[in-house]
Amino acid sequence: MKKKITAKVLKQEELTNGIYSLYLEVEDFADAHSGQFVMIYPGAGENLLGRPISLCEVSGDRRIIRLVYRVAGAGTYRISHLKEKETVQVLGPLGNGYDMEIADKAQTPILMGGGIGIPPMLQLAKDIYAVSGRKPIVLLGYRDRNLFLADCFEETAQVIIATEDGSVGTKGNVMDALREKALNPDMICACGPMPMLRAIKNYAVESDIKAYISLEERMACGVGACLGCVTKTAHIDDHSKVNNARVCTEGPVFEAREVLP
Ligand SMILES: Cc1cc2nc3c(=O)[nH]c(=O)nc-3n(C[C@H](O)[C@H](O)[C@H](O)COP(=O)(O)OP(=O)(O)OC[C@H]3O[C@@H](n4cnc5c(N)ncnc54)[C@H](O)[C@@H]3O)c2cc1C
Ligand code: FES
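Going by the working numbering, the residue at position 229 of the sequence shown is 222; the numbering climbs one at a time, nothing skipped.
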């Protein structure tokens, strides 16, 4: 059973409007891998639950984690005010993450991140590059020219950008970029808003390829105890004996056919 640890803030900065990058020194994240997340506790009262945030990068001998998040409400607002040398409670790494064996077997894996689904793609690109020596293609979808993290991918990935307003790269979303560039992936890993994930599932079914998508659900415990994060699945789950899976423990990464209607 994982225990909360006290993490030290090494650096926090605003990357672009309301999107923050937070580096934390943690005790030991040796077993952490891409697609996993942490619960970070904004504090101030025991009724403030942890907030699930994906691992964007794990570095410094697996003792430094980077979280990139959007200020969405009270919890992330408090987190955005953490200053260097302050401490914060963290639980993790949590969840299943992306399966590196599957990613390594793919010849032309394509990673897709939309909006605040972009951060987990960074560690995934680094992991795929580390195991295969190949730079995966990464499609990043933004609203407008206020890009964030795109430059961080350059060492380990080939980056293609789409913006909804067409101010940078392809006009449209990551699927529009996939079509414009005539790309033919044999596997997709993705994180982003639900309409984007549905479009990826449809494409994967039509093209007869696998798509591993990271789901977002509201979470309370993050460790499988409260059932607050269940999602409908195509198959019966061993734990609940119904067509459900807990996003925090069986996920957040699922093969798209397993979870989306
Ligand atoms: C596995 C996972 C990974 C995530 N990774 C990131 C990330 O890397 N960057 C990022 O910006 N956001 C990420 N999110 C979304 C992030 O957790 C929410 O934006 C955040 O919890 C909002 O908290 P809040 O207190 O600011 O907002 P409020 O809306 O005030 O939150 C109130 C409560 O609802 C829960 N909640 C609200 N929105 C969400 C949501 N979308 N998903 C889950 N719980 C929610 C909060 O945990 C809290 O308990 C992730 C969510 C999940 C499930
Ligand atoms: S958040 Fe409690 S079971 Fe998933």
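Heads up, the beta-carbon is just placed ideally off N, CA and C, and yes, glycines get one too.
As the structure is a prediction and not an experimental result, all values here were calculated from the model.
At least one heavy atom of ligand 1 lies closer than 6 Å to the C-beta of Arg44.
For Thr101, the closest alpha carbon among the candidates Ile181, Arg250, Arg71, Leu208 is that of Ile181.
Looking at the backbone, the Cα of Ile229 and that of Val240 are separated by about 14 Å. Per the coordinates, the alpha-carbon of Glu94 lies some 12 Å from the alpha-carbon of Ala123. At a cut-off of 4 residues, the continuous stretches assigned as alpha helix (DSSP H) that sit fully inside the region 91 to 142 are 93 to 98, 112 to 125. Contact between Pro113 and Ser52 is ruled out by a C-beta separation of about 15 Å, above the 8 Å threshold.
Residue pairing by DSSP places Tyr205 opposite Cys182, Glu248 in a beta bridge.
Comparing C-alpha distances from Ala0 to each of Asn10, Ile33, His26 shows the shortest one belongs to Ile33.
Distances from the alpha-carbon of Ile130 to those of Lys174, Thr226, Ala197, Leu41 put Lys174 closest. Of the candidates Gly244, Glu251, Arg56, the residue whose Cα lies closest to the Cα of Gly90 is Gly244. About 5 Å separates the Cβ atoms of Val64 and Ser73, confirming a contact at the 8 Å cut-off. Ile58 is positioned such that its CB atom lies closer than 7 Å to that of Val19.
The three-state reading of DSSP puts Val235 in coil, since its state is none of H, G, I, E or B.
As computed with DSSP, Ser52 is found in a beta bridge with Ile57.
Using a cutoff of 6 Å, the CB of Met32 does not count as near ligand 2, since none of the ligand's heavy atoms is closer than that.
Within the model, the alpha-carbon separation for Thr69 versus Cys49 is close to 16 Å. These are the residues, in chain order, with a beta carbon less than 7 Å from any non-hydrogen atom of ligand 2: Met212, Ala213, Cys214, Gly215, Val216, Gly217, Ala218, Cys219, Leu220, Gly221, Cys222, Arg239, Val240, Cys241, Thr242. Here the distance from the Cβ of Glu209 to the nearest heavy atom of ligand 1 is below 6 Å. Taking Gly36 as reference, the option from Val81, Lys(-4), Lys76, Leu8 with the minimal CA-CA separation is Val81. Around the beta carbon of Ala197, a 10 Å sphere encloses 16 or more other beta carbons of the protein chains shown; the residue is thus reported as buried. In the displayed model, Gly68 falls within a helix according to three-state DSSP. Take Arg138, set aside five residues on each side of it, and the residues of its chain with a beta-carbon closer than 7 Å to its own are Thr156, Ser160, Val161, in chain order. With a cutoff of 6 Å, Gly66 counts as near ligand 1, since its C-beta is closer than that to a heavy atom of the ligand. Per DSSP, Ile154 is one residue of the beta strand (DSSP E) stretching across 151 to 156.
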